[in-house]
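Visitor: Chains as they are written, first to last, in our numbering: chain A, 1153 to 1484; chain B, 1153 to 1484. Structure incoming, see below.
2 protein chains.
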Amino acid sequence: VSGAEVRPLRFSGDALELLDQTLLPGEERWIRCAGATEVAEAIRRLAVRGAPAIGLAAAYGAALSARDGGLEDGCRALVEARPTAINLRWAVERVRAAAVEGGPGAALAMARRIESQQVEADRRLGEHGATLFGEAERVLTHCNTGALATGGSGTALGVIRTAHARGGVSEVLVDETRPLLQGARLTAFELDRLGIPYRVVPDSSAGALMARGLVDRVIVGADRIAANGDVANKIGTYTLAVLAERHALPFVVAAPLSTIDPASPSGEAIPIEQRDGSEVTTVAGTEVAPRGATALNPAFDVTPATLVTALVTEAGVLRPPYPRSIADVLAR
Amino acid sequence: VSGAEVRPLRFSGDALELLDQTLLPGEERWIRCAGATEVAEAIRRLAVRGAPAIGLAAAYGAALSARDGGLEDGCRALVEARPTAINLRWAVERVRAAAVEGGPGAALAMARRIESQQVEADRRLGEHGATLFGEAERVLTHCNTGALATGGSGTALGVIRTAHARGGVSEVLVDETRPLLQGARLTAFELDRLGIPYRVVPDSSAGALMARGLVDRVIVGADRIAANGDVANKIGTYTLAVLAERHALPFVVAAPLSTIDPASPSGEAIPIEQRDGSEVTTVAGTEVAPRGATALNPAFDVTPATLVTALVTEAGVLRPPYPRSIADVLAR
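Written out as structure tokens, the structure reads:
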């Protein structure tokens, strides 16, 4: 881990500071959130994103609301900021329970604990995931699942990082990940700093790259995993899974256990956030579609468990049948 | 056909004028090409694009080169402007042969004939394709295959237009088509003018839209079709074909016979243009990836004939086995 380590957030003692990811890689600007309302707003507008990082930010936001005497309202605003990532609710509930039990000090301590647990979970997850790799693989990934997405070393990108350090990765093909370009903007930014070879590719090229034999493995993160192993993740993930199956490539999902939602029996139970169409019709501040054009903009899709080769968690690599392997790992 | 008909080019008597498609939909600017060199350059930088429209532009470019006394050099520059679309070579060779036979006047007459044949081919193609549609289908399309791409009423979009006029289409889902956004920019522009309901969607959402039951049919154009029915078309087409097969949706290709290349036995023989990575790392004039990031930018992919449900041409709807149906239609 170099001195150039990227972090999505830092707690300053009386406020949560977030690296505004909407401005990366062009500008590194930190924004200050003095209370839960500001944190919720930052989550909603994607200044911080990535399921685990959203959870961390919301944990600190909940701790701020405990300090400010608006715990219930603050927690509600945070949980409602985005609907799909389950880590958000999971983190807020833990901090809320700590606050109810032990007051603001206990709430902040819990937020800090969630952060250090996340860092440790990422480290272990990277270790477990790296065991899947052969030699010098060319890996395709989607969206951003690195330090910016988790506050640790990352989920899928953390696995890539560990595997690369051991010779298991020769190149990362980075889906640009429309509409918000988290791949081209954020994953490229992180890989650049880490010195891992990569090329950005249009999302639509994945099939052609596989057909030309340029991809050995697909690895992605998750925003919520159902009890049966269905995976909700950034829009485009399902398409990659279908293509990987056709080309007999391993399709790996890497996520901390906090991403698993035992209350969602299958992907059908997972709410999919629909975001504003202007994210599609406007690119980098420029309107590209005709004035008045409407767009569909589902932020996530659901990949059925049958397409998932392996599920990497901090507790080890889970394999099908997922209903059993997931139940087992959660019961430990 | 309304008065708002869009045209990609017009021959002014002593020059070819092209509607600069790189500026649409924001600006409608016509550029003047006084000779074959300017036409080749306009084709290379995508001021005119779409396999049939490239063919038309090149036909007029070749006629200009015949007038200017540089027939061979002009034709070579035009044919080399882009490698994948076969219509380009086909059109240039016809005009060149006419020039050799009958001089500049015959060359220009041939270019005009190719244009009127294209308009008529599109009309017939639309009629044949429309017969495939049921009632009020929701159709997914990729890239731009309308008037801007052909100079007539379009290939896939021409079919959609005819089918819509007969109640066969209720909505068009328009893949934005990265990297150059021909869907969001050009197809949306044409559908807007035609008054056909549409929504722009990120390319990566196609799988999710199909899984949610929002798509009844996929229809696309082609840049070159091999003798066995393999289809080279805009990057992302192959992915759509794989997804359509998984969801048991018809995957239809619409293209004039001039797009079929009997000299390419299969897709493997078709040269795939690799364009500059900056088209991916820069969006609408803004650099989105980190400075120095490299990108892979294959402009086309190949869809195997086995994934193509039907091939719509001006001579009728071809069905598998394509080696036979294609040979039959070309022998007529």
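A virtual CB, placed ideally from N, CA and C, is assigned to each residue, including glycine. These figures come from a predicted structure and were not determined experimentally.
1) Using three-state DSSP, classify Arg1162/B as helix, strand or coil.
2) For Asp1344/B, which residues in chain A fall below 8 Å Cβ to Cβ?
3) From this set, Ser1418/B, Ser1322/B, Arg1196/B, which residue's C-alpha is nearest Glu1425/B's C-alpha?
4) If you draw a straight line from the C-alpha of Gly1178/A to the C-alpha of Val1460/B, how long is it?
5) Here's the rule: buried if 16 or more other CB atoms are within 10 angstroms of the residue's CB, otherwise exposed. What is Asp1355/A?
6) Is there a Cβ of chain B sitting closer than 9 Å to that of Val1435/A, yes or no?
7) Contact between the segment 1196-1211 of chain A and the segment 1460-1471 of chain B: three or more CB pairs below 8 Å?
8) Hey, out of Pro1472/A, Ala1483/A, Thr1465/A, whose CA is closest to Pro1204/A's CA?
9) May I ask you to verify whether the segment 1207-1216 of chain A touches the segment 1254-1261 of chain A, counting CB pairs closer than 8 Å and requiring at least 3?
10) Using a Cβ-Cβ cutoff of less than 7 Å, which residues in the same chain neighbour Ile1238/B once the five nearest sequence positions on both sides are dropped?
11) May I ask you to report which of helix, strand or coil DSSP gives Cys1295/A?
12) Going by alpha carbons, who is nearest to Gln1173/A out of Ala1358/A, Cys1227/A, Pro1160/A, Pro1456/A?
13) In chain order, which continuous runs of the beta strand (DSSP E) of length 3 or greater are located wholly inside the segment 1249-1296 of chain B?
14) Please say whether Val1311/A and Arg1351/A have beta carbons closer to each other than 9 Å?
15) Check whether chain A comes within 9 Å of Glu1425/B, counting only Cβ atoms and requiring the distance to be less than that.
16) Looking only at C-alpha atoms, which of Ala1384/A, Asp1166/A, Pro1456/A sits nearest to Arg1219/A?
17) Does the distance from the C-beta atom of Glu1157/A to that of Phe1163/A stay below 9 Å?
18) What residues in the segment 1390-1411 of chain B bring their beta carbon closer than 7 Å to a beta carbon of chain A?
19) Can you tell me where the beta strand (DSSP E) with Ala1406/B in it begins and where it stops?
20) So which residues of chain A does Ile1387/B contact, with C-beta pairs closer than 8 Å?
21) Below 6 Å CB to CB, which residues in the same chain sit around Ser1154/A once its five sequence neighbours on both sides are set aside?
22) Label Gly1347/B either buried or exposed according to how many other C-beta atoms from any shown protein chain fall within 10 Å of its C-beta, with 16 as the threshold for buried.
23) Please confirm if Arg1330/B has its CB atom under 9 Å from at least one CB of chain A.
24) Would DSSP call Val1326/A helix, strand or coil?
25) So Glu1169/B is in the beta strand (DSSP E); what residue range does that whole segment cover?
26) Would Leu1175/A be called buried (16 or more neighbouring beta carbons within 10 Å of its own) or exposed?
27) May I ask you to report which of helix, strand or coil DSSP gives Ile1312/A?
28) Would you call the segment 1434-1442 of chain B and the segment 1430-1437 of chain A touching, i.e. three or more CB-CB distances under 8 Å?
29) How about Gly1419/B and Val1383/B: do their beta carbons lie closer than 9 Å?
30) Please name the residue, chosen from Val1291/B, Thr1302/B, Arg1476/B, Arg1345/B, that lies closest to Glu1323/B on a Cα-to-Cα basis.
31) Output yes or no for whether 9 Å exceeds the beta carbon distance between Ala1192/B and Ala1229/B.
32) Which residues of chain A have a Cβ atom closer than 8 Å to the Cβ of Asp1453/B, listed in chain order?
33) In whole angstroms, what separates the C-alpha of Arg1369/A from that of Val1252/B?
34) Is the Cβ-Cβ distance between Leu1338/B and Ser1357/A less than 9 Å?
35) Check whether the Cβ of Arg1484/B lies closer than 9 Å to any Cβ atom in chain A.
36) If we define contact as Cβ-Cβ less than 9 Å, is Glu1157/A a contact residue for chain B?
Guide: By the coordinates alone:
1) Here Arg1162/B sits in strand by DSSP.
2) Pro1442, Gly1444, Ala1445
3) Among Ser1418/B, Ser1322/B, Arg1196/B, the Cα nearest to that of Glu1425/B belongs to Arg1196/B.
4) 43 Å
5) buried
6) yes
7) Per the Cβ contact rule, the segment 1196-1211 of chain A is not in contact with the segment 1460-1471 of chain B (fewer than 3 Cβ pairs under 8 Å).
8) Thr1465/A
9) yes
10) Arg1376, Thr1411, Asp1413
11) coil
12) Minimum Cα distance to Gln1173/A is reached at Pro1160/A.
13) With a minimum length of 3 residues, the continuous beta strand (DSSP E) runs that stay inside the segment 1249-1296 of chain B are 1289-1293.
14) no
15) For Glu1425/B, the answer is no, since every Cβ of chain A falls outside 9 Å of its Cβ.
16) Comparing Cα-Cα distances from Arg1219/A to each of Ala1384/A, Asp1166/A, Pro1456/A, the minimum goes to Asp1166/A.
17) No.
18) Tyr1390, Thr1391, Val1394, Leu1395, Arg1398
19) Its beta strand (DSSP E) spans residues 1403-1406.
20) Pro1354, Ser1356, Ser1357, Ala1360
21) Only weak support is given to the placement of Ser1154/A: the predicted model assigns it a pLDDT of 44, under 50, and the question is left unresolved by the model.
22) With fewer than 16 Cβ atoms within 10 Å of its Cβ, Gly1347/B is classed as exposed.
23) Taking Cβ atoms only, chain A reaches closer than 9 Å to Arg1330/B, which makes this a yes.
24) strand
25) 1168-1171
26) With fewer than 16 other Cβ atoms within 10 Å, it is exposed.
27) helix
28) yes
29) Judged by their CB atoms, Gly1419/B and Val1383/B are nearer to each other than the 9 Å cut-off.
30) Val1291/B
31) yes
32) Ser1357, Gly1359, Ala1360, Ala1363
33) 54 Å
34) Annotated as distal: Leu1338/B and Ser1357/A, with beta-carbon spacing of 9 Å or more.
35) Arg1484/B does not count as touching chain A.
36) No, Glu1157/A lies away from the interface with chain B (no Cβ there is under 9 Å from its Cβ).
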